[in-house]
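In what follows, a single structure is set out as structure tokens and then discussed.
Numbering (UniProt numbering), first residue to last: 1 to 145.
Take a look at the structure:
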């Protein structure tokens, strides 16, 4: 199988080219997601996006983020490099159970969309009381963490 070598750099170039080609459909937005206490924070890079074009919606357990960056018309220019993508950006997440979807909030500041996704009360850790009987038949209450 001498001709079947995989070249990861070629694959990365192909992937990057498809992400930069506006004819391929929506772009992905780079993001960080982390948990802090009783909520998740999602930070997405969307520089140059009109805040009015950002659309977040929850349908069942699916969170969808959409945004648009419009191309500025530059008639009469000769492009030397044209790498900044424009068009539609899209990400979808399955939130699963245990998320308080009605309390999701979002802000857009300095080109970063921040979405706060709270954990629902029923999904937070809680103490459970355990009843145990002794050999004498009396009941003792034990609290588990």
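Each residue gets a CB set at the ideal place from its N, CA and C atoms; glycine is no exception.
Per the C-alpha coordinates, the member of 66, 38, 89 positioned closest to residue 98 is 38. A straight line joining the alpha-carbon of residue 48 with that of residue 111 spans about 6 Å. In the three-state reduction of the DSSP assignment, residue 51 falls in the helix class. DSSP places residue 113 inside the beta strand (DSSP E), whose first and last residues are 112 to 118. Residues of the same chain with a CB within less than 6 Å of the CB of residue 44, apart from the 5 flanking positions on each side, are 29, 31, 113 in chain order. For residue 39, the beta-bridge partners assigned by DSSP are 36, 118. The Cβ atoms of residue 71 and residue 46 lie no closer than 8 Å to each other. Taking all protein chains in view, the Cβ of residue 115 is crowded by 16 or more other Cβ atoms within 10 Å, so the residue is classified as buried. Residue 120 sits close to residue 100, with the two beta carbons spaced by under 8 Å. Within the same chain, and ignoring the five residues on either side of residue 96 in sequence, the residues whose Cβ sits closer than 8 Å to its Cβ are 61. Shown here, residue 75 sits in coil according to DSSP, grouped into three states, outside any helix or strand.
Taking residue 93 as the centre and dropping the five residues before and after it, the same chain places the C-beta of 63 closer than 6 Å to its C-beta, in chain order. In the structure shown, residue 102 adopts helical secondary structure according to DSSP, grouped into three states. In the three-state DSSP reduction, residue 61 falls in the coil class, being neither helix nor strand.
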